[in-house]
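Student: In our numbering, the protein residues as written are 13 to 185. Below you will find the structure I want to go over with you.
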Amino acid sequence: MPPTECKAWSQLATHAESWKSVHLRELFAHDVARSVQFVAQAPGVRLDYSRQRLGAMTLRLLCHLAAERGLPEWREALLSGEKVNSTEDRAAWHAALRAGNDSPPEVRETLARMRSLATKLRSEKTFHRIVNLGTGGSDLGPRLVADALGDGTLEVRFAANVDPRDLERALEG
């Protein structure tokens with residue numbers, strides 16, 4: 013069932029209508045703790061959503077939608093290594109890559125092979141240029157790493173959209 017057909021979605025849509033005419037000045041005038049109440053933090057990250065048209069009820073309704081859609085179960089399946097990637101019929105190990113020594117053996121083995129390959133490639137110096145292919149923003153992470161950690165010894169180019177000319181430019185010379 014599409015999310016828009018859920019009971020919780022309908023409740024959220026009705027709730028959203030009640031917020032359309034509310035001005036942010038009113039929200040802060042009536043709730044002095046708003047700038048603290050609607051903030052989430054994690055190490056190195058702060059998300060301030062106090063300037064959005066929402067309240068405690070909005071958050072409860074969003075949680076109801078998440079529960080109705082099975083988000084907690086999908087999250088647990090993802091984190092436990094179940095096959096959640098139906099197109100590739102395998103587990104999606106994104107979170108495990110960040111788990112360090114607590115990651116599953118197959119993830120640790122893959123990371124060790126990657127380190128070994130990277131060391132070999134750097135020591136043989138057989139590459140002078142890398143072309144990263146990715147669309148839909150998938151180039152942003154690699155681009156950030158290349159910009160932040162690159163030492164200029166290896167040229168990194170990016171083809172980041174479906175325009176054939178973009179790929180041609182990345183592959184030229």
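Glycine included, each C-beta is placed from N, C-alpha and C at the ideal position.
Contact check, L179 vs A171 under 8 Å by CB: the rounded distance?
Tutor: Correct: roughly 4 Å between the Cβ atoms.
Student: Run through the DSSP bridge pairs and tell me what Q53 is partnered with.
Tutor: Per DSSP, R58.
Student: DSSP three-state label for F170, please.
Tutor: F170 falls in the strand class under three-state DSSP.
Student: Tell me, please, whether the segment 41-55 touches the segment 102-113 by the rule of three or more beta-carbon pairs shorter than 8 Å.
Tutor: Short answer: they don't touch.
Student: Measuring alpha carbon to alpha carbon, tell me which of A103, P154 and L71 ends up nearest E167.
Tutor: The residue with the shortest Cα to Cα distance from E167 is P154.
Student: Count the other CB atoms within 10 Å of the CB of A130; is the residue buried (16 or more) or exposed (fewer)?
Tutor: Answer is exposed; the Cβ neighbour count stays below 16.
Student: Using DSSP with H/G/I as helix, E/B as strand and the rest coil, what is A103?
Tutor: Correct three-state label for A103: strand.
Student: Take H27 as the anchor and find which of E121, L145, R46 and R72 has the nearest alpha-carbon.
Tutor: When only C-alpha atoms are compared, the closest one is R72.
Student: Closest to K32 by CA distance: which of G149, R65 and P14 is it?
Tutor: When each option's Cα is compared against that of K32, the closest is R65.
Student: Kindly indicate which three-state DSSP category V48 falls into: helix, strand or coil?
Tutor: In this structure, V48 counts as helix in the three-state DSSP scheme.
Student: If I follow the unbroken alpha helix (DSSP H) through L91, where does it start and stop?
Tutor: L83 to S92 is the span of the alpha helix (DSSP H), which, as asked, contains L91.
Student: What is the DSSP secondary structure of R63, reduced to helix, strand or coil?
Tutor: Note: R63 maps to coil in three-state DSSP.
Student: Which residue comes first and which comes last in the beta strand (DSSP E) that contains L145?
Tutor: R141 to L145 is the span of the beta strand (DSSP E), which, as asked, contains L145.
Student: Out of curiosity, what's the CA-to-CA distance linking V143 and V119?
Tutor: One C-alpha to the other measures close to 25 Å.
Student: Measuring only the C-alpha atoms, how far is S128 from T122?
Tutor: Their Cα atoms are separated by approximately 10 Å.
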